[in-house]
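Peer 1: Its first residue numbered 1, the sequence shown is counted upward by one per residue in this note's numbering. Positions of the beta carbon are idealized from the N, C-alpha and C atoms, including for glycine. This structure is in structure tokens; I'll ask about it shortly.
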Amino acid sequence: MKVLEIRLRLESPLILTRRRTATGFLSPLRYIPSTTLRGALVTALYREGYLDAAQLKREKLSPEIVSSPAYPVSGGARTVPAHPFISKCKQCGEIVGEKSIRDLERRLVDGDGFGWSVECDKGHRALRPLHPNEFLTVVNGEFRADKKMLGEKREGSSADDDRVPRELYSVSVAISKSRASGVKGLLYHYEALSPGLEYWATVAVPGSIDFPRSKFVLHVGRGVSRGFGMVETWVVGGRSVKNLSNGCRVLYALSPTLDMSNPSQPSTFPRVIDLSRAAAKFGLMSNTVVRVVRVFGRMMWISLGWDLASGVPRPWVVGRAAGSLLVLERDCSDEALGALAYLGTVESVGEGFLPGFNMLVPLKELVHYAS
Ligand SMILES: [Zn+2]
Numbered sequence: 001m002k003v004l005e006i007r008l009r010l011e012s013p014l015i016l017t018r019r020r021t022a023t024g025f026l027s028p029l030r031y032i033p034s035t036t037l038r039g040a041l042v043t044a045l046y047r048e049g050y051l052d053a054a055q056l057k058r059e060k061l062s063p064e065i066v067s068s069p070a071y072p073v074s075g076g077a078r079t080v081p082a083h084p085f086i087s088k089c090k091q092c093g094e095i096v097g098e099k100s101i102r103d104l105e106r107r108l109v110d111g112d113g114f115g116w117s118v119e120c121d122k123g124h125r126a127l128r129p130l131h132p133n134e135f136l137t138v139v140n141g142e143f144r145a146d147k148k149m150l151g152e153k154r155e156g157s158s159a160d161d162d163r164v165p166r167e168l169y170s171v172s173v174a175i176s177k178s179r180a181s182g183v184k185g186l187l188y189h190y191e192a193l194s195p196g197l198e199y200w201a202t203v204a205v206p207g208s209i210d211f212p213r214s215k216f217v218l219h220v221g222r223g224v225s226r227g228f229g230m231v232e233t234w235v236v237g238g239r240s241v242k243n244l245s246n247g248c249r250v251l252y253a254l255s256p257t258l259d260m261s262n263p264s265q266p267s268t269f270p271r272v273i274d275l276s277r278a279a280a281k282f283g284l285m286s287n288t289v290v291r292v293v294r295v296f297g298r299m300m301w302i303s304l305g306w307d308l309a310s311g312v313p314r315p316w317v318v319g320r321a322a323g324s325l326l327v328l329e330r331d332c333s334d335e336a337l338g339a340l341a342y343l344g345t346v347e348s349v350g351e352g353f354l355p356g357f358n359m360l361v362p363l364k365e366l367v368h369y370a371s
């Protein structure tokens, strides 16, 4: 198994929609889900001749290639989804909550009166949680909110304002081919992520599969046949499983979490994780089983994507949003724990298996994954 870090740059608007909102409009996702990215990567590797038909078939039945979700790059720095204990004051813009990784871990382990802050330092009681839809950078062991990323209102544009607008809005009307006029009721409203935006992701690939070393193009999201969703992709470096310097008690979810091991009773997070599978992929020996005793994070509907083999959408399931925090029963210092960040677990869905969930990073090591 080798792990590569990739960068993605949008070359044309990207339409990634979450569920229909109450008004009937579709609101865009601000990151690329792992199932979507993995599908686009596998397709591109096959198209470019890096996978043969047999390998492509194997990827559908027992997936080996695992990609993380792709999160925004801001000012050259990788960002990760905000955890549940950080908010922003709607009045003065101050970031309130637990910014230090060390303090966050300590408070989750000791559980000493973990309360939500209800006001900022200036006493405004108007906090907006950043979890799970905003993204933070990690600098010197602290979470930082980048104003650019938080979509601040523009206060008069200045000369050095070279920001890329985050979202594009477009309303299209379907044109009848026979009458060459608009068709009543066929008004489409799109919200798309704009060209120029950059994302980062990790991809775990079996050693037997070559991975392109030069730039290649992925087709992601909706409207690919109309030129949307062209994403330039390239490798920026390799990643290795980090030795844990000391015991780890809290895991940060880099992807959404869910547990489909008992299909009749799906859970929003894995209660028990056997590290032996992930360890074996990296040539490590481990028979450690870790137990999750508490979880903090928003529950959300998760799309399991399309089943390309049978051409039907997979079901939606309830899981926990990326950025959630999982507290282990006891400290774990098994090196194999680090492998979960790149491989996660493989969840069974119907006839097949789906990777890209439960990608968990030891919280203390998060600085190595996002900085
Ligand atoms: Zn305030």
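Based on the DSSP output, what are the partners of Met-359 in its beta bridges?
Peer 2: Position 359 of the sequence shown, counted from the first residue, corresponds to residue 359. In DSSP, Met-359 forms no bridge with anything.
Peer 1: Rounded C-beta distance between Pro-355 and Arg-38? I'm assuming under 8 Å.
Peer 2: Mapped onto the sequence shown, residue 355 falls at position 355. Mapped onto the sequence shown, residue 38 falls at position 38. Going by Cβ atoms, the distance from Pro-355 to Arg-38 rounds to 7 Å, so yes, they are a contact pair.
Peer 1: Would you list the one or two residues that DSSP bridges to Trp-306?
Peer 2: The residue given as residue 306 occupies position 306 in the sequence shown. DSSP, once it has assigned bridges, lists Pro-313 as partnering Trp-306.
Peer 1: Can you pull every residue whose C-beta falls closer than 6 Å to some heavy atom of ligand 1, listed in chain order?
Peer 2: Those residues are Cys-89, Gln-91, Cys-92, Glu-94, Cys-120, Lys-122 and His-124, given in chain order.
Peer 1: Cα separation between Gln-265 and Leu-326?
Peer 2: Counted from its first residue, the sequence shown places residue 265 at position 265. Counted from its first residue, the sequence shown places residue 326 at position 326. If you take the alpha carbons of Gln-265 and Leu-326, they lie about 20 Å apart.
Peer 1: Using alpha carbons as the reference points, say which of Leu-304, Ser-208, Cys-89 and Arg-107 lies closest to Asp-52.
Peer 2: Here residue 52 corresponds to residue number 52 of the sequence shown, with the count starting at 1. Measuring from the Cα of Asp-52, the nearest candidate turns out to be Ser-208.
Peer 1: If you draw a straight line from the alpha carbon of Gly-305 to that of Ser-240, how long is it in whole angstroms?
Peer 2: By one-based count along the sequence shown, residue 305 stands at place 305. By one-based count along the sequence shown, residue 240 stands at place 240. So the two alpha carbons sit approximately 28 Å from each other.
Peer 1: In this structure, does DSSP put Ile-101 in helix, strand or coil?
Peer 2: For the purposes of this step, residue 101 is identified with residue 101 of the sequence shown, where counting begins at 1. Three-state DSSP puts Ile-101 in a helix.
Peer 1: Using the Cα positions of Leu-251 and Arg-179, report the straight-line distance between them to the nearest angstrom.
Peer 2: The sequence position of residue 251 within the sequence shown is 251, counting from 1. The sequence position of residue 179 within the sequence shown is 179, counting from 1. The alpha-carbon atoms of Leu-251 and Arg-179 are separated by roughly 59 Å.
Peer 1: Quick check on this structure: which residue in Lys-99, Gln-55, Asn-262 and Ser-62 has the alpha carbon closest to the alpha carbon of Lys-88?
Peer 2: Residue 88 sits at position 88 when you count from the first residue of the sequence shown. Checking every option, the nearest Cα to that of Lys-88 belongs to Lys-99.
Peer 1: For Asn-246, collect the residues of the same chain with a Cβ closer than 7 Å to its Cβ; drop the 5 residues on either side in sequence, then sort them by chain order.
Peer 2: Mapped onto the sequence shown, residue 246 falls at position 246. Answer for Asn-246: Ser-333, listed in chain order.
Peer 1: Look up Leu-127 in the DSSP assignment and say whether it is helix, strand or coil.
Peer 2: Locating residue 127 in the sequence shown gives position 127, counting from the first residue. Residue state, collapsed to three classes: strand.
Peer 1: Just the C-alpha distance for Asp-103 and Lys-242, rounded to the nearest angstrom, thanks.
Peer 2: Residue mapping note: residue 103 aligns to position 103 of the sequence shown, counting from 1. Residue mapping note: residue 242 aligns to position 242 of the sequence shown, counting from 1. Distance between the alpha carbons of Asp-103 and Lys-242 is about 22 Å.
Peer 1: Does the beta-carbon distance from Ile-96 to Cys-120 come in below 7 Å?
Peer 2: In the sequence shown, counting from the first residue as 1, residue 96 sits at position 96. In the sequence shown, counting from the first residue as 1, residue 120 sits at position 120. Here the sequence assigns Val to residue 96, which means Ile is not the residue at that position. Yes, the pair counts as a contact, with Cβ atoms nearer than the cut-off.
Peer 1: Specify, as a first and last residue, the run of the alpha helix (DSSP H) that Tyr-369 falls within.
Peer 2: One-based indexing of the sequence shown puts residue 369 at position 369. That run of the alpha helix (DSSP H) goes 366-369.
Peer 1: Say whether the stretch 188-205 touches the stretch 70-79, bearing in mind that this needs 3 or more beta-carbon pairs closer than 8 Å, one atom from each stretch.
Peer 2: The stretch 188-205 vs the stretch 70-79: in contact.
Peer 1: Note down the Cα distance separating Ser-255 from Leu-360, rounded to an integer number of angstroms.
Peer 2: The count along the sequence shown starts at 1 and reaches residue 255 at position 255. The count along the sequence shown starts at 1 and reaches residue 360 at position 360. Looking at the two C-alpha atoms, the distance is approximately 7 Å.
Peer 1: Does DSSP put Thr-233 in a helix, in a strand, or in coil?
Peer 2: Along the sequence shown, one-based indexing puts residue 233 at 233. Residue state, collapsed to three classes: strand.
Peer 1: Among Ile-32, Leu-45 and Arg-7, which one has its Cα closest to the Cα of Phe-211?
Peer 2: Here the question's residue 211 lines up with position 211 in the sequence shown. Ranking the options by Cα distance to Phe-211, first place goes to Leu-45.
Peer 1: Rounded to a whole number of angstroms, what is the C-alpha to C-alpha distance between Arg-106 and Val-220?
Peer 2: Numbered from 1 along the sequence shown, position 106 holds the residue referred to as residue 106. Numbered from 1 along the sequence shown, position 220 holds the residue referred to as residue 220. One C-alpha to the other measures close to 40 Å.
Peer 1: Going straight from the alpha carbon of Leu-10 to that of Gly-111, what length do you get?
Peer 2: Taking the sequence shown and counting its residues from 1, the one referred to as residue 10 is at position 10. Taking the sequence shown and counting its residues from 1, the one referred to as residue 111 is at position 111. Spanning the two alpha carbons is a distance of roughly 42 Å.
Peer 1: Please report the distance separating the alpha-carbon of Thr-17 from that of Thr-345.
Peer 2: If you number the sequence shown from 1, residue 17 lands on position 17. If you number the sequence shown from 1, residue 345 lands on position 345. Thr-17 and Thr-345: Cα-Cα distance of roughly 25 Å.
Peer 1: Would you mind stating whether Val-80 and Ala-339 have Cβ atoms separated by less than 7 Å?
Peer 2: Along the sequence shown, one-based indexing puts residue 80 at 80. Along the sequence shown, one-based indexing puts residue 339 at 339. No, these two residues do not count as a Cβ contact at 7 Å.
Peer 1: Determine the burial state of Gly-323: buried for a count of at least 16 other Cβ atoms within 10 Å of its Cβ, exposed for fewer.
Peer 2: Stepping through the sequence shown from its first residue, residue 323 is reached at position 323. Burial call: buried.
Peer 1: Please name the residue or residues paired with Gly-238 in a DSSP beta bridge.
Peer 2: For the purposes of this step, residue 238 is identified with residue 238 of the sequence shown, where counting begins at 1. BP columns for Gly-238 point to Leu-4.
Peer 1: Between the Cα of Pro-263 and the Cα atoms of Phe-216, Val-292, Phe-353 and Val-66, which residue gives the shortest distance?
Peer 2: By 1-based counting over the sequence shown, the position of residue 263 is 263. It is Phe-353 whose Cα lies nearest to the Cα of Pro-263.
Peer 1: If you count every other CB in all the chains shown that lies within 10 Å of the CB of Ser-62, and 16 or more means buried, which is it?
Peer 2: If you number the sequence shown from 1, residue 62 lands on position 62. Label assigned to Ser-62: exposed.
Peer 1: Bridge partners of Tyr-71, per DSSP?
Peer 2: Locating residue 71 in the sequence shown gives position 71, counting from the first residue. Its beta-bridge partners are Trp-200.
Peer 1: State the beta-bridge partners of Asp-334 as determined by DSSP.
Peer 2: Taking the first residue of the sequence shown as position 1, residue 334 is located at position 334. None, per the DSSP bridge assignment.
Peer 1: Can you say whether Asp-331 is buried or exposed, counting buried as having 16 or more other CB atoms within 10 angstroms of its CB?
Peer 2: In the sequence shown, the residue the question calls residue 331 occupies position 331. Asp-331 should be labelled exposed.
Peer 1: Can you look up Glu-155 in the DSSP assignment and give me helix, strand or coil?
Peer 2: For the purposes of this step, residue 155 is taken as the residue at position 155 of the sequence shown. Low confidence applies here, because Glu-155 scores a pLDDT of 43, under 50, leaving its location unreliable and the question unanswered by this model.
Peer 1: From the DSSP secondary-structure annotation, give me the bridge partner or partners of Arg-107.
Peer 2: What you label residue 107 is simply residue 107 of the sequence shown in a count that begins at 1. None, per the DSSP bridge assignment.
Peer 1: Using only the alpha-carbon positions, how far apart do Pro-129 and Ser-267 sit?
Peer 2: By 1-based counting over the sequence shown, the position of residue 129 is 129. By 1-based counting over the sequence shown, the position of residue 267 is 267. Taking the straight line from one Cα to the other gives about 24 Å.
Peer 1: Taking the C-alpha atoms as reference points, what is the distance between Ser-74 and Leu-136?
Peer 2: Counted from its first residue, the sequence shown places residue 74 at position 74. Counted from its first residue, the sequence shown places residue 136 at position 136. When rounded, the distance between both Cα atoms is 9 Å.
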